[in-house]
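K.L.:
These protein sequence lines are chains Y and H, in that order.
Counting from 1, position 209 in the first sequence corresponds to residue 209 in my numbering; the numbering is continuous, with no gaps.
When you read off a place in the second sequence, starting at 1, and then add 384, the result is the number in my numbering.
2 protein chains.
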Amino acid sequence: MKKNYLLSPGPTPVPERVAAILGQPIPHHRTPEFEKIFAEVRENLRWIFQTKQEVIMLTATGTGAMDAAVANLFRRGDKIITINGGKFGERWTKIGQAFELGVLEIKLPPGEALDPAVLRALCAEHPDAKAIHFQASETSTGCQMPVKAIVDIAKHFNMLSVCDAITALGVFNLPMDEWGIDVLITGSQKAMMIPPGLAFIALSDRAWAATKSANLPKFYFDLPKELAAHKTNQTAWTPAISLIMGLNESLRMMKEEGIDALFARHALLAEATRNAVKALGLEILSKKSPSNAVTAVLVPPSLKDGKKIPKLMRDTYGVTIAGGQDELEGKIFRLSHFGYCGHFDITTGISCLELVLAELGHPVTFGTGVGAALKTFAHAGKKP
Amino acid sequence: MKKNYLLSPGPTPVPERVAAILGQPIPHHRTPEFEKIFAEVRENLRWIFQTKQEVIMLTATGTGAMDAAVANLFRRGDKIITINGGKFGERWTKIGQAFELGVLEIKLPPGEALDPAVLRALCAEHPDAKAIHFQASETSTGCQMPVKAIVDIAKHFNMLSVCDAITALGVFNLPMDEWGIDVLITGSQKAMMIPPGLAFIALSDRAWAATKSANLPKFYFDLPKELAAHKTNQTAWTPAISLIMGLNESLRMMKEEGIDALFARHALLAEATRNAVKALGLEILSKKSPSNAVTAVLVPPSLKDGKKIPKLMRDTYGVTIAGGQDELEGKIFRLSHFGYCGHFDITTGISCLELVLAELGHPVTFGTGVGAALKTFAHAGKKP
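#1: State the start and end residues of the unbroken beta strand (DSSP E) segment that holds M57 of chain Y.
#2: As a quick exercise: from Y:H29, Y:H343, Y:T12 and Y:M1, pick the residue whose alpha carbon is nearest that of I236 of chain Y.
#3: Of all the alpha helix (DSSP H) runs that stay within the bounds of the segment 463 to 528 of chain H, which reach a length of 4 or more residues?
#4: Applying a beta-carbon distance threshold of less than 7 Å, which residues of chain H neighbour W414 of chain Y?
#5: For P601 of chain H, decide whether its Cβ has a neighbour in chain Y, counting only Cβ atoms nearer than 8 Å.
#6: The beta strand (DSSP E) with R718 of chain H in it runs from where to where?
#7: Of the residues H:R430, H:N676 and H:M629, which one's Cα is nearest the Cα of S521 of chain H?
#8: State the DSSP-derived secondary structure class of F344 of chain Y, mapped to helix, strand or coil.
#9: Per DSSP, what kind of secondary structure is V151 of chain Y in: helix, strand or coil?
#10: With a threshold of 16 other CB atoms inside 10 Å of the CB of A508 of chain H, please say whether the residue is buried or exposed.
#11: Going by DSSP in three states, S545 of chain H sits in which element: helix, strand or coil?
#12: Is it true that the segment 510 to 525 of chain H meets the segment 533 to 541 of chain H, where meeting means three or more beta-carbon pairs spaced less than 8 Å apart?
#13: Name the DSSP beta bridge partners of L243 of chain Y, please?
#14: With I569 of chain H and A449 of chain H assumed to form a contact (beta carbons below 8 Å), what rounded beta-carbon distance in angstroms separates them?
#15: With A677 of chain H as the anchor, note down where its beta strand (DSSP E) starts and where it stops.
#16: Per DSSP, what kind of secondary structure is G349 of chain Y in: helix, strand or coil?
#17: Report the partner residues of F219 of chain Y according to the DSSP bridge assignment.
#18: Using only the alpha-carbon positions, how far apart do N44 of chain Y and R252 of chain Y sit?
#19: Counting pairs of beta carbons, one from the segment 696 to 703 of chain H and one from the segment 640 to 648 of chain H, are three or more of them closer than 8 Å?
#20: Tell me the residue span of the alpha helix (DSSP H) that contains V567 of chain H.
#21: If you draw a straight line from the alpha carbon of P472 of chain Y to that of T211 of chain Y, how long is it in whole angstroms?
#22: Run through DSSP, which three-state label would I284 of chain Y get?
#23: Taking only the alpha-carbon atoms, compute the straight-line gap between T82 of chain Y and I106 of chain Y and give it to the nearest angstrom.
#24: Nearest chain H C-beta to G197 of chain Y closer than 8 Å, yes or no?
#25: Near Q144 of chain Y, which residues of its chain fall below 6 Å by C-beta distance, leaving aside the five closest residues on each side in sequence?
#26: So that I know if they touch, is there some Cβ in chain Y lying closer than 8 Å to that of I465 of chain H?
#27: Give the residues from the segment 625 to 636 of chain H that approach chain Y closer than 8 Å (Cβ to any Cβ), ordered along the chain.
#28: In the DSSP assignment, what are the bridge partners of Y701 of chain H?
#29: Compile a chain-ordered list of the residues in the segment 22 to 35 of chain Y whose CB is closer than 9 Å to at least one CB of chain H.
#30: Counting only the same chain and skipping the five closest in sequence on each side, list residues whose C-beta sits under 8 Å from that of D305 of chain Y.
#31: Skipping 5 residues on each side, what residues in its chain have a beta carbon closer than 8 Å to that of R459 of chain H?
#32: Which word fits S302 of chain Y, buried or exposed, when buried means at least 16 other C-beta atoms lie within 10 angstroms of its C-beta?
#33: With respect to the beta strand (DSSP E) encompassing L203 of chain Y, which residues constitute its N-terminal and C-terminal limits?
#34: Check whether chain Y comes within 8 Å of S521 of chain H, counting only Cβ atoms and requiring the distance to be less than that.
#35: Write down the C-beta distance between T752 of chain H and A663 of chain H rounded to the nearest angstrom, noting that I regard them as a contact closer than 8 Å.
#36: Where does L303 of chain Y fall in DSSP's three states?
Written out as structure tokens, the structure reads:
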């Protein structure tokens with residue numbers, strides 16, 4: 001009997017309360033029964049997005065909402081700016097190119113956050129660019145981006161701020177309306193704590209206005225059509241009913257916890273993870289701006305094959321973390337600490353890491369990492 | 385305690401064996417554990433699609449696969465033919481127009497199947513059209529289309545046959561490779577017996593060849609990218625993991641039943657439904673070519689408000705059937721008989737219909753409809 005633990009940055013573990021709902025008989029979606037669930041979900045999505053706008057639910061994964069953000073906002077030949085801090089920032093560039101937009105990309109070294117001055121200079125050079133596309137948290141490098149600064153620059157230059165918050169929303173504070181974020185996106189299998197299959201996107205008044213003149217071809221991802229449907233507690237196409245039922249429960253859980261407590265929990269779990277990793281003598285990739293969602297750790301130089309760390313953790317111990325992607329493959333591993341995650345998920349992940357590091361020949365005094373995590377928890381005084 | 389029964393043409397009921405899986409902990413999708421499930425699903429999808437081609441799974445609902453079929457096959461300015469036998473045929477036209485293709489539409493009166501001669505004439509007039517888009521079963525009218533004849537015409541004129549089989553695949557025989565269907569599409573919440581959130585699309589060699597020169601913009605629905613990923617038991621983007629786990633079980637159930645038995649069961653359930661409805665003195669919308677998936681019944685002229693039939697069935701008795709859509713609203717109601725559906729789902733639906741018709745003042749000798757269904761079953765000699 002090997003127990004399995006999911007410590008990956010998506011999918012994240014599904015709470016038992018939610019799981020119990022996913023196998024229930026589903027109602028037809030054009031019924032008052034489903035519309036009641038849908039109405040509650042809409043209200044609670046507005047709460048977690050911190051917006052008065054409608055949060056559109058798409059039956060797709062996060063990339064579908066990123067596609068929708070581009071397909072619905074622009075006109076042929078428009079110019080956009082993308083901030084490429086890793087695999088997901090690069091995805092903005094690729095989507096822009098797929099729709100044949102003019103893409104100006106700021107490419108950052110892995111783990112480095114954007115320097116707002118660089119963005120400001122590029123905007124000044126290209127004041128005709130329509131939008132700035134970026135990540136709130138770049139999942140591939142565990143780096144948190146200066147969202148507020150980016151949004152302020154976008155406002156200054158009258159551009160739209162289009163924020164992929166797929167591993168950020170519900171993890172740290174992103175007050176959409178207060179900051180004036182124009183487009184905010186997340187996915188279901190992240191802090192929303194349900195299986196993959198739903199993506200979420202909210203638009204500001206400015207962004208909705210842009211959809212009116214947009215002319216890129218689209219059909220399935222038609223946001224104005226979805227907006228009209230959502231207002232009657234419906235979707236344009238058949239939605240992922242069972243996932244929306246699960247989402248209703250996970251949003252209730254988030255509300256029970258409270259938004260401040262939610263962010264504080266994630267900050268504490270992230271801090272404990274970082275302290276544990278450092279106590280083990282390891283280095284964090286994103287030194288200056290580590291994400292509260294996921295911690296990317298450099299493979300110690302003593303280990304030749306970095307891919308062995310996540311592989312052994314999963315295959316021998318049942319603990320699934322993430323390795324590095326693309327050019328970071330074998331060079332980092334990533335410990336996730338968001339969603340349905342508490343104190344003892346952190347100690348589980350670090351315990352397993354200690355065992356595996358020792359097994360691979362890296363010197364470990366057992367308990368060092370876990371001890372540092374526990375100390376962080378005790379010091380914070382915050383009980384689970 | 386009101387028990388609920390789902391007799392709608394999608395979502396259809398989820399079998400208990402499948403439901404039990406949907407709430408299980410999900411594995412990460414980039415793991416051997418998930419890849420094993422994925423490999424089995426791929427093989428069984430090829431079986432039910434009756435093809436050697438890869439069946440691509442998209443995290444979307446059926447309309448997403450229809451969108452993908454257009455976005456991946458054509459070049460700007462291409463001309464296509466659509467067969468509009470109702471709401472879903474009309475959707476092909478709308479998608480073609482959304483992508484700014486030249487759309488030649490054959491519009492049929494509700495419930496009427498295509499006359500192949502009409503299609504042949506249109507093709508002869510427009511030999512430069514690239515494809516014929518149609519439904520195998522038009523869900524909005526309960527009409528089955530002459531798929532083989534359409535495919536043969538497409539072949540003759542060197543056009544692609546693009547078949548929306550969303551309420552047909554797994555219901556009646558659509559041997560993709562044998563007939564040479566170029567594109568075959570279905571969705572998860574239909575005969576596949578799982579909740580909505582997955583769409584399926586298979587392409588012939590000719591269709592895959594067309595994707596190579598296609599140049600319409602797309603990103604999330606990139607079929608060649610998905611093909612490459614599927615071959616390694618992966619998807620381009622995070623898939624709807626829990627639904628694929630459920631699908632694995634529902635495909636196993638279909639294989640246990642056997643493909644011939646599957647089609648025979650659906651044929652029998654459809655026949656019993658039609659006989660029951662006729663015995664009640666009601667008329668079927670599609671007289672000459674009724675679908676084995678869903679039976680659309682004309683509201684008797686004696687009843688003023690046809691919308692009351694499905695509403696009363698659902699609200700008073702917990703039996704969800706479908707009403708008419710768009711211009712057929714209030715004029716028909718639709719009894720579904722596919723997916724996880726047996727003898728006593730038919731007798732349940734007809735029993736409820738008898739009660740409601742009587743309640744609305746339509747003369748009913750109780751048992752007439754159900755009796756005709758039972759007689760059909762007894763006569764067929766086929767036990768559930």
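Glycine is no exception: its CB is placed at the ideal position from the N, C-alpha and C atoms.
Only a predicted model underlies this, so the values are computations on that prediction, with no experimental measurement involved.
P.N.:
Quick look at the numbers:
#1: That run of the beta strand (DSSP E) goes V55 to T59.
#2: Checking the sequence shown, residue 236 of chain Y turns out to be Ala, not Ile. For A236 of chain Y, the nearest C-alpha among the options comes from Y:H29.
#3: The qualifying runs are 471 to 482 and 500 to 509.
#4: This structure cannot settle anything about residue 414 of chain Y, because the visible part of chain Y is limited to 1 through 384.
#5: Yes, P601 of chain H counts as interfacial toward chain Y.
#6: If you look at R718 of chain H, you'll find it in the beta strand (DSSP E) that goes I716 to S720.
#7: Ranking the options by Cα distance to S521 of chain H, first place goes to H:N676.
#8: F344 of chain Y falls in the helix class under three-state DSSP.
#9: Helix.
#10: Here A508 of chain H is exposed: its Cβ has fewer than 16 other Cβ atoms, across all protein chains shown, within 10 Å.
#11: Note: S545 of chain H maps to strand in three-state DSSP.
#12: By the criterion of at least three beta-carbon pairs nearer than 8 Å, the segment 510 to 525 of chain H is in contact with the segment 533 to 541 of chain H.
#13: Beta-bridge pairing links L243 of chain Y to no other residue.
#14: Right, the Cβ-Cβ distance comes to about 5 Å (below 8 Å), so this counts as a contact.
#15: Run containing A677 of chain H: none; DSSP gives neither H nor E here.
#16: In this structure, G349 of chain Y counts as helix in the three-state DSSP scheme.
#17: F219 of chain Y is not bridged to any residue.
#18: CA-CA distance, N44 of chain Y to R252 of chain Y, rounds to 8 Å.
#19: Flag = no, the segment 696 to 703 of chain H and the segment 640 to 648 of chain H do not touch.
#20: Counting along the chain, V567 of chain H falls outside any alpha helix (DSSP H), though it belongs to the beta strand (DSSP E) covering V567 to G571.
#21: The structure shown does not extend to residue 472 of chain Y, since chain Y spans only 1 to 384, so no value can be given for it.
#22: Here I284 of chain Y sits in strand by DSSP.
#23: Going from the Cα of T82 of chain Y to the Cα of I106 of chain Y covers about 6 Å.
#24: With 8 Å as the cut-off, G197 of chain Y counts as an interface residue toward chain H.
#25: Take Q144 of chain Y, set aside five residues on each side of it, and the residues of its chain with a beta-carbon closer than 6 Å to its own are S137, S289 and S291, in chain order.
#26: Interface criterion not met: the Cβ of I465 of chain H is under 8 Å from no Cβ in chain Y.
#27: Only those residues of the segment 625 to 636 of chain H whose C-beta falls short of 8 Å from the nearest C-beta of chain Y are listed: I625, S626 and L627.
#28: In DSSP, Y701 of chain H forms no bridge with anything.
#29: Result list: L22, G23, Q24, P25, I26, P27, H28, H29, R30, T31, P32 and E33.
#30: If we look at D305 of chain Y and ignore the five residues flanking it on each side, its Cβ neighbours are G330.
#31: Apart from the 5 residues on each side of it in sequence, R459 of chain H sits with its Cβ closer than 8 Å to the Cβ of S597, A598, N599 and L600 in its chain, given in chain order.
#32: Per the 10 Å Cβ criterion, exposed.
#33: Going by DSSP, L203 of chain Y is part of the beta strand (DSSP E) stretching over L198 to L203.
#34: It does not: the Cβ of S521 of chain H has no partner Cβ on chain Y nearer than 8 Å.
#35: Between A663 of chain H and T752 of chain H the Cβ distance is about 5 Å, and since that is below 8 Å, they are a contact.
#36: L303 of chain Y: coil per DSSP, three-state reduction.
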